[in-house]
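Trainee: All residue numbers for the sequence shown refer to the working numbering, where the first residue is -7 and numbers rise by one.
For glycine and all other residues, C-beta sits at the position ideal for the given N, C-alpha and C.
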Amino acid sequence: MLAIDPATALWFIPFVLPLVIWVSWSDMASMKIPNKAVLATLAVFAVVGLAALPFTDYLWRWAHFAVVIFVGFLLSTGGLVGAGDAKYAAAMAPFIALSDWFAFMILLTAVILAAFVLHRATKASPMRARFENWESWTRKEFPMGMALAPALLFYLILGALGV
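(1) Do residue 128 and residue 23 come within 8 Å of each other at the CB atom, strictly closer than that value?
(2) Could you tell me the distance, in whole angstroms, from the CA atom of residue 78 to the CA atom of residue 150?
(3) In angstroms with no decimal places, state the Cα-to-Cα distance between residue 1 and residue 148.
(4) If you reduce the DSSP assignment to three classes, tell me which class residue 189 lands in.
(5) Assess, as a yes-or-no matter, whether the segment 42 to 58 is touched by the segment 82 to 98 under the definition of 3 or more beta carbon pairs within less than 8 Å.
(6) Can you tell me the Cβ-Cβ gap for residue 85 and residue 57, rounded? I've got them flagged as a contact below 8 Å.
(7) Label residue 94 either buried or exposed according to how many other C-beta atoms from any shown protein chain fall within 10 Å of its C-beta, with 16 as the threshold for buried.
(8) Have a look at residue 105 and residue 39 and give me their C-alpha separation to the nearest angstrom.
(9) State yes or no: is the C-beta of residue 80 within less than 8 Å of the C-beta of residue 15?
(10) Out of 98, 37, 154 and 115, which has the shortest C-alpha to C-alpha gap to residue 21?
(11) Quick check on the DSSP output: what are the complete alpha helix (DSSP H) runs of length 4 or more inside the segment 72 to 129, in order along the chain?
(12) On the CB-based measure, 16 or more other CB atoms within 10 Å of its CB, does residue 10 come out buried or exposed?
And the structure:
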């Protein structure tokens, strides 16, 4: 069972949902996660988090951001992840309860695998023609925003359901 309070998750879901669509779509179309989407995600946490979380928890969750942005910077500098992916992961981090980090990593792994298969299957299908200008079709890199963003949404939905 996840540690996130169902009421907390319910607070975040309506605000996170459009950002998840924006990040996923943008990364598939242009292989970039816009800085505005990263900042909007942080802004949702900054504002909604004040209402959704006890104040002490809210303040500690900002440490999640700091740790993930630092690790993401190192990984990005080493060429292991894209800079946009690292920034977005850091913006996602405050939404995730510290005690849920391992469960979230398992969820993220499953979503990455599913998103990869879905992306590659769509790339090889006639449906690709509907989105023929997407840069992700021609690049060998995978648009990780297509997995990161939905993983956050699925985490919140599972939390809201009390799973």
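Mentor: Let's see:
(1) Sequence index remark: in the sequence shown, residue 23 carries index 31 (1-based). Sequence index remark: in the sequence shown, residue 128 carries index 136 (1-based). Yes, the Cβ-Cβ distance between residue 23 and residue 128 is below 8 Å.
(2) The residue you call residue 78 lines up with position 86 of the sequence shown. The residue you call residue 150 lines up with position 158 of the sequence shown. Roughly 24 Å separates the two Cα atoms.
(3) For the purposes of this step, residue 1 is taken as the residue at position 9 of the sequence shown. For the purposes of this step, residue 148 is taken as the residue at position 156 of the sequence shown. Those two C-alpha atoms are separated by around 5 Å.
(4) This structure gives no information on residue 189, because the portion of the chain shown stretches from -7 to 155.
(5) yes
(6) Here residue 85 refers to the residue found at position 93 when the sequence shown is read from its first residue. Here residue 57 refers to the residue found at position 65 when the sequence shown is read from its first residue. Going by Cβ atoms, the distance from residue 85 to residue 57 rounds to 5 Å, so yes, they are a contact pair.
(7) Reading the sequence shown from its first residue, position 102 is the one you call residue 94. Per the 10 Å Cβ criterion, exposed.
(8) Locating residue 105 in the sequence shown gives position 113, counting from the first residue. Locating residue 39 in the sequence shown gives position 47, counting from the first residue. The alpha-carbon atoms of residue 105 and residue 39 are separated by roughly 32 Å.
(9) For this step, residue 80 is matched to residue 88 along the sequence shown. For this step, residue 15 is matched to residue 23 along the sequence shown. In this structure, residue 15 lies closer than 8 Å to residue 80 by Cβ.
(10) Against the sequence shown, residue 21 aligns to sequence position 29. Considering only alpha carbons, the answer is 115.
(11) 75 to 84 and 93 to 115
(12) In the sequence shown, the residue the question calls residue 10 occupies position 18. By the 10 Å Cβ count, residue 10 comes out exposed.
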